[in-house]
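All the letters of the sequence shown, read from the start, carry residue numbers 1 to 212 under UniProt numbering.
Following: one structure in structure tokens, then a few remarks.
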Amino acid sequence: MNRIVVLISGNGSNLQSLLDQAAAGRLNGSVVAVISNKADAYGLERARAAGVATAVLPGKDYAERERFDTDLMALIDSHQPDLLVLAGFMRILTPGFVRHYAGRMLNIHPSLLPKYQGLNTHQRAIDAGDAEHGCSVHFVTEELDGGPVILQARVPVFAEDDATTVAERVHVQEHAIYPLAVRWFCDGRLAMKDGRAWLDGTPLPPQGHAGD
1 MNRIVVLISG
11 NGSNLQSLLD
21 QAAAGRLNGS
31 VVAVISNKAD
41 AYGLERARAA
51 GVATAVLPGK
61 DYAERERFDT
71 DLMALIDSHQ
81 PDLLVLAGFM
91 RILTPGFVRH
101 YAGRMLNIHP
111 SLLPKYQGLN
121 THQRAIDAGD
131 AEHGCSVHFV
141 TEELDGGPVI
151 LQARVPVFAE
161 DDATTVAERV
171 HVQEHAIYPL
181 AVRWFCDGRL
191 AMKDGRAWLD
201 GTPLPPQGHA
211 GD
């Protein structure tokens with residue numbers, strides 16, 4: 001059974017989808033710890049309700065990113081994870097941290113990467129007049145939101161939409177595709193090599209993969 005550590009900063013709705021799938025035996029893995037850089041993150045309550053260990057490492061206590069990431073690595077590694085999952089963890093990670101977990105750290109980003117890296121993705125899609133938007137699961141590399149994409153889901157954007165309605169539509173898809181990608185990893189089907197994501201021994205196309 002794969003050991004999964006999840007990093008959060010806020011509400012933790014993607015964490016909840018992982019906890020639910022793990023409880024239903026659909027991940028081939030278990031969430032062994034949830035760590036937040038914010039003590040008031042609601043996702044910590046979700047973890048406690050599921051009987052999962054929690055920890056808080058406040059970023060505001062650190063003047064240097066490198067020092068924070070060093071302590072965070074030690075905290076994560078104390079749980080001996082096979083997979084590290086970022087679920088709304090709002091910090092830019094140092095290159096040393098990313099290299100330490102290379103090939104075993106996933107993130108979900110609310111856009112159809114490589115479009116709209118960074119923040120405010122829903123409003124940016126609306127402002128650009130995009131007819132569709134979505135989310136992407138990807139391996140984490142040293143390039144912010146730039147690691148190889150594993151899986152994407154698309155949603156329509158309508159003329160009357162605002163960022164909140166688009167976000168709600170995207171969240172539904174996030175909760176579907178993130179556990180799927182985690183399951184692929186836990187089943188040994190998913191890997192990163194040569195800077196690309198591979199599923200079942202075949203490299204995925206750069207823009208992601210549209211199926212199971």
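In this text, a Cβ means the ideal position worked out from N, Cα and C, and glycines have one as well.
Between phenylalanine 158 and methionine 192, the gap from beta carbon to beta carbon reaches 7 Å or more.
Judged by DSSP secondary structure, isoleucine 126 falls within the alpha helix (DSSP H) whose first and last residues are 121-127. Serine 9 carries a coil assignment under DSSP once its states are collapsed to helix, strand and coil. Minimum Cα-Cα distance from alanine 23 among the listed residues His109, Ala49, Phe89, Gly103 corresponds to Ala49. Exclusion of the five residues before and after arginine 3 leaves Gly29, Ser30, Val32, His79, Gln80, Pro81, Asp82, Leu83 as the residues of its chain whose Cβ lies within less than 8 Å of its Cβ. The criterion of a C-beta distance shorter than 7 Å is satisfied by methionine 90 and serine 9. Secondary structure of proline 156 (DSSP, three-state): strand. Residue pairing by DSSP places proline 179 opposite no residue, since no beta bridge is assigned to it. The region 143-153 makes contact with the region 174-187; the number of CB pairs closer than 8 Å reaches 3 or more. Around the C-beta of isoleucine 76, 16 or more other C-beta atoms lie within 10 Å, and the residue is accordingly described as buried. Taking the Cα positions, glutamate 160 is about 44 Å away from glycine 96. Membership of threonine 70 in the alpha helix (DSSP H) is indicated by the continuous run 65-77.
Alanine 55 is bridged by DSSP to Ile35.
For alanine 53, the CB contacts under 8 Å within the same chain, skipping 5 residues up- and downstream, are Val32, Ala33, Val34, Ala47, His79 in chain order. Taken atom to atom, the span from the alpha-carbon of glycine 195 to that of valine 166 is near 31 Å. Shown here, asparagine 28 sits in coil according to DSSP, grouped into three states, outside any helix or strand. Secondary-structure assignment with DSSP links cysteine 186 through no beta bridge to anything. Under the DSSP definition of a beta bridge, alanine 191 partners with Trp198. As the crow flies, the alpha-carbon of serine 13 is around 31 Å from that of glycine 201.
Around the Cβ of proline 148, a 10 Å sphere holds 16 or more other Cβ atoms; the residue is buried. Annotated as distal: leucine 113 and glycine 134, with beta-carbon spacing of 7 Å or more. Shown here, leucine 83 sits in a strand according to DSSP, grouped into three states.
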